[in-house]
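Peer 1:
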Amino acid sequence: MDGLIKAINLLFGENPELRQIIAVTLRMSLISTGISSLLGIPLGALIGSREFKGKHWVLRVTNTLMGLPPVVGGLAVFLVLSRSGPLGTLKLLYSVTAMVIAQVVLITPIMTGLTATIISIPAPRIRETAQGVGISAWRQMGLMVYECKSQLVSTVLVGFGRAIAEVGAVQIVGGNVQYKTRVMTTAIMMQTNMGKFHFAISLGVVLLVISFGINALVNYLESRGKA
Amino acid sequence: MDGLIKAINLLFGENPELRQIIAVTLRMSLISTGISSLLGIPLGALIGSREFKGKHWVLRVTNTLMGLPPVVGGLAVFLVLSRSGPLGTLKLLYSVTAMVIAQVVLITPIMTGLTATIISIPAPRIRETAQGVGISAWRQMGLMVYECKSQLVSTVLVGFGRAIAEVGAVQIVGGNVQYKTRVMTTAIMMQTNMGKFHFAISLGVVLLVISFGINALVNYLESRGKA
Amino acid sequence: MIELKDIKKIYDARVVLDIPHLVFDLKKRYALIGVNGSGKTTLLRILAGVLKPDSGEVTSSTPNNMGYMPQSPYAFRFSVEKNVAIAMDKEQVSKDQVLEALKAVGMDHLQHAYGNQLSGGETQRMALARMIVKPCNLLLLDEPTASADIRGTSQIEKALLKYVDDNNCTLILSTHSPAQALRLVDEVLFLDEGRVIEQGSAENVLHHPKHPVIQEFLDHWKI
Amino acid sequence: MIELKDIKKIYDARVVLDIPHLVFDLKKRYALIGVNGSGKTTLLRILAGVLKPDSGEVTSSTPNNMGYMPQSPYAFRFSVEKNVAIAMDKEQVSKDQVLEALKAVGMDHLQHAYGNQLSGGETQRMALARMIVKPCNLLLLDEPTASADIRGTSQIEKALLKYVDDNNCTLILSTHSPAQALRLVDEVLFLDEGRVIEQGSAENVLHHPKHPVIQEFLDHWKI
Amino acid sequence: KTPPAAKIENPVIRLSTTTSVNDSGLLPYLQPHFEADTGYKIEITSAGTGAAIEKARTGDADCLLVHAKSSEEDFIGEGFGEERLPFMFNYFVIVGPEADPAGIKDATTAAEAFAAIANSGSKFVSRGDESGTHVKELKIWEDAGIDPTEEDWYISVGAGMGQTLTVADEEMAYTLSDKATFLAHDDNLKLLKEEAEDMKNTYSLIAITPERWEDTNYAGALAFIEWMTSPKALDLIDAYGVAEYGEPLFFSMR
Ligand SMILES: Nc1ncnc2c1ncn2[C@@H]1O[C@H](COP(=O)(O)OP(=O)(O)OP(=O)(O)O)[C@@H](O)[C@H]1O
Ligand SMILES: Nc1ncnc2c1ncn2[C@@H]1O[C@H](COP(=O)(O)OP(=O)(O)OP(=O)(O)O)[C@@H](O)[C@H]1O
Ligand SMILES: [Mg+2]
Ligand SMILES: [Mg+2]
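For the record, the sequence lines run as chains Z, Y, R, E and F. First residue of the first sequence: 10, per the working numbering; consecutive thereafter. First residue of the second sequence: 10, per the working numbering; consecutive thereafter. First residue of the third sequence: 6, per the working numbering; consecutive thereafter. First residue of the fourth sequence: 6, per the working numbering; consecutive thereafter. First residue of the fifth sequence: 910, per the working numbering; consecutive thereafter.
(1) Please report the distance separating the alpha-carbon of R:Pro214 from that of R:Tyr16.
(2) How would you list, in chain order, the residues of chain F whose beta-carbon sits under 7 Å from the beta-carbon of Z:Ser91?
(3) Once the 5 residues before and after Y:Pro79 are set aside, which same chain residues still bring their CB inside 7 Å of it?
(4) What does a CB cutoff of less than 7 Å around F:Met997 pick up in its chain, not counting 5 residues either side in sequence?
(5) Quick check on the contact list: which residues have their beta carbon closer than 5 Å to a heavy atom of ligand 1?
(6) Would you say F:His1043 faces chain Y, with C-beta separation under 8 Å as the test?
(7) By Cβ distance below 7 Å, which residues in the same chain neighbour E:Ser152 in space, the five residues on each side in sequence not counted?
(8) I need the straight-line Cα distance from F:Thr911 to Y:Phe87, nearest angstrom please.
(9) Can you tell me whether R:Glu203 is helix, strand or coil according to DSSP?
(10) By DSSP, does E:Ile24 sit in helix, in strand, or in coil?
(11) Any Cβ of chain F within less than 8 Å of the Cβ of Z:Phe4?
(12) Quick one: what's Z:Pro79 bridged to in DSSP?
(13) Identify the contact partners of F:Ile1003 in chain Z, using a Cβ-Cβ distance below 9 Å as the criterion.
(14) Does the beta-carbon of R:Asp154, which I'm using as the reference point, lie nearer than 7 Å to any heavy atom of ligand 4?
(15) Give the C-beta separation of Z:Phe221 and Z:Thr42 to the nearest angstrom, bearing in mind that I take them to be a contact with Cβ-Cβ under 8 Å.
(16) Consider the Cβ of R:Tyr16: report whether some Cβ of chain Y lies at a distance smaller than 8 Å.
(17) So R:Asn172 packs on R:Asn142, CB below 8 Å; how close in whole Å?
(18) Nearer than 7 Å: is that true of the beta carbon of R:Asp197 relative to any heavy atom of ligand 4?
(19) From the beta carbon of F:Asp1096, is the nearest beta carbon of chain Z less than 8 Å away?
(20) What span of residues does the alpha helix (DSSP H) with F:Ala1116 cover, start to end?
(21) If we define contact as Cβ-Cβ less than 8 Å, is F:Ala945 a contact residue for chain Y?
(22) Say whether the segment 922-941 of chain F touches the segment 951-963 of chain F, bearing in mind that this needs 3 or more beta-carbon pairs closer than 8 Å, one atom from each stretch.
(23) Pull up the distance between the alpha-carbon of E:Gly157 and that of Z:Gly53, whole angstroms please.
(24) Would you report the Cα separation of E:Val21 and E:Gly44, rounded to the nearest angstrom?
(25) At a CB distance below 9 Å, what residues from the segment 62-77 of chain R approach chain E? Give them in sequence order.
(26) Which value, in whole angstroms, describes the spacing of the CA atoms of Y:Ala236 and Y:Leu152?
(27) Considering only residues of the same chain and omitting the five flanking positions on each side of E:Ala164, which have a CB-CB separation below 7 Å?
(28) Compare the C-alpha of E:Tyr119 against each of E:Ser84, E:Ala18, E:Asn70 and name the closest.
(29) With respect to 7 Å, is the separation between the Cβ of R:Gln76 and the closest non-hydrogen atom of ligand 2 below this value?
(30) What is the DSSP secondary structure of Y:Tyr229, reduced to helix, strand or coil?
(31) Using DSSP with H/G/I as helix, E/B as strand and the rest coil, what is E:Val193?
(32) For Y:Ile173 versus Y:Ser91, is the C-beta spacing smaller than 8 Å?
(33) With a threshold of 8 Å between beta carbons, is Y:Leu152 in contact with chain R?
(34) Do you know how far the Cα of Z:Val154 is from the Cα of Z:Ile128?
(35) Chain F partners of Y:Lys189, CB-CB under 9 Å?
(36) In whole angstroms, what separates the C-alpha of E:Lys57 from that of Y:Ile17?
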């Protein structure tokens, strides 16, 4: 309770830091969800919409990558972006960009796998009809995505949930640098390590409220889109 | 490379610790995935199979909880299980049971949300047919789950992926106690903290291989089940 | 007696069903006829309780033990046998009864096949077996023979008449075949744009329709 | 000329299609007739290339610009207009053409309705409009009027004949109506348990069948 | 020498400690000796100093091993712990890039070194997590008469020592670290400044009072403290790290 009041004070009071942290959090989560969706949905649709040799193995690998430990994914990105890594010269480490990259690595397999699972349900019927009028495999894929729109919106929200809730990777590649790459989860982690458990939980509640707001907004936009 | 060799040595060499860590990891991930599935799939089926007032809000809340930051979930479980918490007398903190509880808190919303999304696709048609022969709403739910079996198996694998990959919550409630609650991810985290990145990554690769094995096994069992 | 009062179903400002008053007598057989989109399925779904009308209500003089077969029945991913047995309560399931129902619709040879792998006509027949495997006193069938071949249609019609007789059952079905209506039912309801524009004995409505729309429609009735 | 050689389709050790040799001449009209499960859909799907036979091959003397309508065509969650237009390449889409095709099957009044909210017969008609909105030289239709009402059936048959004439198109359809076969096609292939047991002019096969199975089958042909 | 296990009522001791003692490998190194000598089993959980103390507050530890004097005194003042027993120490060190752009090697005190860093505008990574190390760092800035918090060369990461060292390594920046963590951490940083008295880092043991939670293993905590302060344990501590790093990581206080 005390922690919650403190968090709300931080949020609406004089101290602008929480607002700044929320801004970075949203920027990072939204951009990485966007990029992951743009990569994962087409890829998942590709896998889910067609029958091909080795599909089983592709699905297994995707499923496995869905369980890539964030710390490991984060470390891999770290090693690539680090000074001694192949992309070290870009000096991206400890930036929001680096966090977005790590998130994209983690979320894209999730978007891919879930999309493939969902698309595979109506795929056979759509394929038969679409092939019958000579629609190219690419356009078929597009039609399948369209037909599963509302389920895929849920998938995007799952991705967003992961992005906003993740801490391991973001901590490693973002570094939790104050005023720069500190996001809600790394701030929560920091409070936790400082033993301020209730304050950490309160920040968590603030994060959930934001998350819920985004969910409600997306659902509202989607239901309006249905007309 | 060096790290990988070291990890493999640890795995197959004299040192039995890695094997013990893997055993704890599997025990924790499998049990928590099992419990979450037993809770989340029926709950998701309940939500996905019916039309009721406020369904939208239930879905939004579920979606939001899918994005519960592991650290926050872990902290909440910590505060409940801690000696000063309501369930302190059970002395569950720093045990595999505590880790399982935290994982269940984190994974159940995911299982619920994904199940609801998937079940909602064939639900209307199944409902019309089943209602037409007087099948109770409960049995209808069972039929829907059955019809989505292979998609729900994917969902369970998603849950397992989360369970085996999660570190934040498990660290807080499990405490990373050697020979007791140390799992792959907390071990990886520890190596990371010591700057032993390549060794950490190698442990991550070992974890992914295990994950892949479980995936392949489940897929194999499932495809055999189809006959 | 099943009575409909002021039933209306509206989709996007389009009235697809509008029935001020309609009565189905018990133990009688009815056919719904009308062009595509005239509201047959909508009416059956409302009677079956799987669709809520936007206004009005359906009342019944006796408690109904109802069976309803949708236009595209769902076939589950398990054996045909089991697909039929789902209609029965777990304790009641009798292999003989299931097999008998399958025989009646000419599907006994496929009892072990997977429901979801059947052909169109086979699926419809299986769904019919599911309806007649247990007793009911109100049977609602949406185009029950649309996908059946002509031999199958004969067989199904015979099975249906037997079932309705055995169970003293009220039958309401929709069909695109006036000939089938003449063979199966007592009364025909002709639907047009969501309204029942004529109701009467099958003979009267299909051979001596009063309404010019029906006359024009029946001009297309060929062999 | 479309030639099938040694075509076999086997599901779980059951041979559902077995065609040692079969030829379809170009610009001719064919009907597949047979009981449920005799293999009509399987044959059409193999001809359409949406199903791979377990052995044998289909060869064609000329490149085919093929159109195939499945037994349960898919209706997309957008307008009827757009559902029809998906058959055309993006650049070609002409509103007039779409409307014309919809008119031909009696669906122009529903052009703005959602495809996935149509009735059974409406869905089938829309799917037919999708087939005839653009030219093709091989048209494969699986029970194209199974869900259509009798007026709709007349209308569709007229539209189909016109389309086939206009496009000089080979037509292969399946049907459960011998009468429809007589009205629409030159040749009938009678399928039984996956085999073509008789092939010949519609008149011969349906009025003077040689095979006793067909004779027995046609006994059920009523008005 | 092993006392019979039957005499021990509750054989499990929950020790809450900071990452530095655990990740440096000291505790895992001492643990088997302690367990063999006393028959107790010790469960070590490590976290940031604040969290480590907080876990003792919530009753989830029997014994505390930390290095933050004022927090420890608060803890005892609130009646959670019995007595603070300093038993070993090491030194904070200033580490940085090998090139040492600020030239802190020539500084005589830590404050002087910090001033040199500030003057050269070289990057400095701060733990920023209110840990003992962070508090020490702020104290040195104060001594140097500099407020770095608004400077753009000052990177506050809010993280543990290991992560802070990683950031410093990547950013080619300076940072203040405890020596043990620095030596155990793999990086390219160089130890540039090692001070005596004003950079001392003292570790203490605190037994949690059994008054609050009746099942607190007070006897176990006392046994652990007794063993840790025994000549044998102190010798082990003084020897730890010599083989690997050529010098001890911790120094016992006798
Ligand atoms: N995927 C499948 N797996 C197993 N059996 C199948 C599968 N698809 C079709 N069959 C079987 O093959 C047989 C032929 O099916 P097909 O759909 O070709 O029949 P049809 O002549 O079109 O029947 P209908 O008149 O009912 O449409 C049927 O008995 C059917 O059960
Ligand atoms: N969910 C819906 N949304 C909008 N319109 C609908 C919906 N369901 C049905 N309709 C429309 O209502 C009308 C009546 O549909 P219904 O299914 O009752 O027709 P029907 O008489 O059964 O036709 P058919 O002979 O083709 O089966 C149709 O024009 C259909 O397009
Ligand atoms: Mg209908
Ligand atoms: Mg067929």
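Cβ coordinates follow ideal geometry from the N, Cα and C atoms, glycine included. The model shown is predicted, which means the values in this text are computed figures rather than measured ones.
Peer 2: Taking the coordinates as given:
(1) Your numbering for residue 214 of chain R matches position 209 in the third sequence. Your numbering for residue 16 of chain R matches position 11 in the third sequence. Roughly 30 Å separates the two Cα atoms.
(2) Here residue 91 of chain Z is taken as the residue at index 82 of the first sequence, counted from 1. By Cβ distance, chain F contributes Glu1079.
(3) To locate residue 79 of chain Y, count along the second sequence from 1; it is residue 70. Excluding residues within five positions, the ones whose Cβ falls inside 7 Å are Leu115, Glu175, Gly177, Ala178.
(4) As a working note, residue 997 of chain F is residue 88 in the fifth sequence. Contacts found: Tyr1112, Ile1146, Phe1159, Phe1160, Ser1161, Met1162.
(5) R:Gln122, R:Leu123, R:Ser124, R:Gly125, R:Gly126, E:Tyr16, E:Val21, E:Asn41, E:Gly42, E:Ser43, E:Gly44, E:Lys45, E:Thr46, E:Thr47
(6) Here residue 1043 of chain F refers to the residue found at position 134 of the fifth sequence. No, because no Cβ of chain Y sits closer than 8 Å to the Cβ of F:His1043.
(7) Taking the first residue of the fourth sequence as position 1, residue 152 of chain E is located at position 147. Result list for E:Ser152: Gly125, Gly126, Gln129, in chain order.
(8) Here residue 911 of chain F refers to the residue found at position 2 when the fifth sequence is read from its first residue. Here residue 87 of chain Y refers to the residue found at position 78 when the second sequence is read from its first residue. In this prediction, F:Thr911 has a pLDDT of 48, which is less than 50 and means its spatial position is unreliable; what the coordinates show is noted afterwards. The straight-line gap from Cα to Cα measures roughly 35 Å.
(9) Within the third sequence, residue 203 of chain R is the residue found at index 198, counting from 1. Strand.
(10) By one-based count along the fourth sequence, residue 24 of chain E stands at place 19. Here E:Ile24 sits in strand by DSSP.
(11) This structure leaves residue 4 of chain Z out entirely; chain Z is present only between 10 and 236.
(12) Position 70 of the first sequence, counted from the start, is the residue given in the question as residue 79 of chain Z. Per DSSP, none; premise fails for Z:Pro79.
(13) Numbered from 1 along the fifth sequence, position 94 holds the residue referred to as residue 1003 of chain F. What F:Ile1003 touches in chain Z: nothing, since even the nearest Cβ is about 20 Å away.
(14) On the third sequence, residue 154 of chain R is found 149 positions in, with the first residue counted as 1. It does not: the Cβ of R:Asp154 is nowhere closer than 7 Å to a heavy atom of ligand 4.
(15) Here residue 221 of chain Z is taken as the residue at index 212 of the first sequence, counted from 1. Here residue 42 of chain Z is taken as the residue at index 33 of the first sequence, counted from 1. Going by Cβ atoms, the distance from Z:Phe221 to Z:Thr42 rounds to 16 Å, so no, they are not a contact pair.
(16) Within the third sequence, residue 16 of chain R is the residue found at index 11, counting from 1. By this cut-off, R:Tyr16 is not an interface position.
(17) Working through the third sequence from its first residue, we reach residue 172 of chain R at position 167. Working through the third sequence from its first residue, we reach residue 142 of chain R at position 137. Right, their Cβ atoms sit about 7 Å apart.
(18) Mapped onto the third sequence, residue 197 of chain R falls at position 192. It does not: the Cβ of R:Asp197 is nowhere closer than 7 Å to a heavy atom of ligand 4.
(19) Numbered from its first residue, the fifth sequence carries residue 1096 of chain F at position 187. Chain Z, which has no Cβ nearer than 8 Å to the Cβ of F:Asp1096, makes this no.
(20) Stepping through the fifth sequence from its first residue, residue 1116 of chain F is reached at position 207. Premise fails: F:Ala1116 lies in the beta strand (DSSP E), 1109-1117, not in any alpha helix (DSSP H).
(21) Residue mapping note: residue 945 of chain F aligns to position 36 of the fifth sequence, counting from 1. Not an interface residue.
(22) yes
(23) Against the fourth sequence, residue 157 of chain E aligns to sequence position 152. Against the first sequence, residue 53 of chain Z aligns to sequence position 44. Straight-line Cα distance between these residues: approximately 41 Å.
(24) The residue you call residue 21 of chain E lines up with position 16 of the fourth sequence. The residue you call residue 44 of chain E lines up with position 39 of the fourth sequence. Going by the C-alpha atoms only, they are around 6 Å apart.
(25) Gln76, Ser77
(26) One-based indexing of the second sequence puts residue 236 of chain Y at position 227. One-based indexing of the second sequence puts residue 152 of chain Y at position 143. Its pLDDT being 46, under 50, Y:Ala236 is placed unreliably by the model, and nothing is read from it.
(27) The sequence position of residue 164 of chain E within the fourth sequence is 159, counting from 1. Closer than 7 Å at the Cβ level, and outside the excluded window around E:Ala164, lie Ala109, Val110, Ile137.
(28) The sequence position of residue 119 of chain E within the fourth sequence is 114, counting from 1. Per the Cα distances, E:Ser84.
(29) Within the third sequence, numbered from 1, the residue matching residue 76 of chain R stands at position 71. Yes, ligand 2 has a heavy atom inside 7 Å of this Cβ.
(30) For the purposes of this step, residue 229 of chain Y is identified with residue 220 of the second sequence, where counting begins at 1. Y:Tyr229 falls in the helix class under three-state DSSP.
(31) The count along the fourth sequence starts at 1 and reaches residue 193 of chain E at position 188. Here E:Val193 sits in strand by DSSP.
(32) In the second sequence, the residue the question calls residue 173 of chain Y occupies position 164. In the second sequence, the residue the question calls residue 91 of chain Y occupies position 82. Not closer than 8 Å, so no.
(33) Within the second sequence, numbered from 1, the residue matching residue 152 of chain Y stands at position 143. Closer than 8 Å: yes.
(34) As a first step, residue 128 of chain Z is located in the first sequence; it is residue number 119 there, counting from the start. As a first step, residue 154 of chain Z is located in the first sequence; it is residue number 145 there, counting from the start. Roughly 7 Å between the two C-alpha positions.
(35) Residue mapping note: residue 189 of chain Y aligns to position 180 of the second sequence, counting from 1. Chain F residues near Y:Lys189: Glu952.
(36) The residue you call residue 57 of chain E lines up with position 52 of the fourth sequence. The residue you call residue 17 of chain Y lines up with position 8 of the second sequence. Cα to Cα, E:Lys57 sits roughly 46 Å from Y:Ile17.
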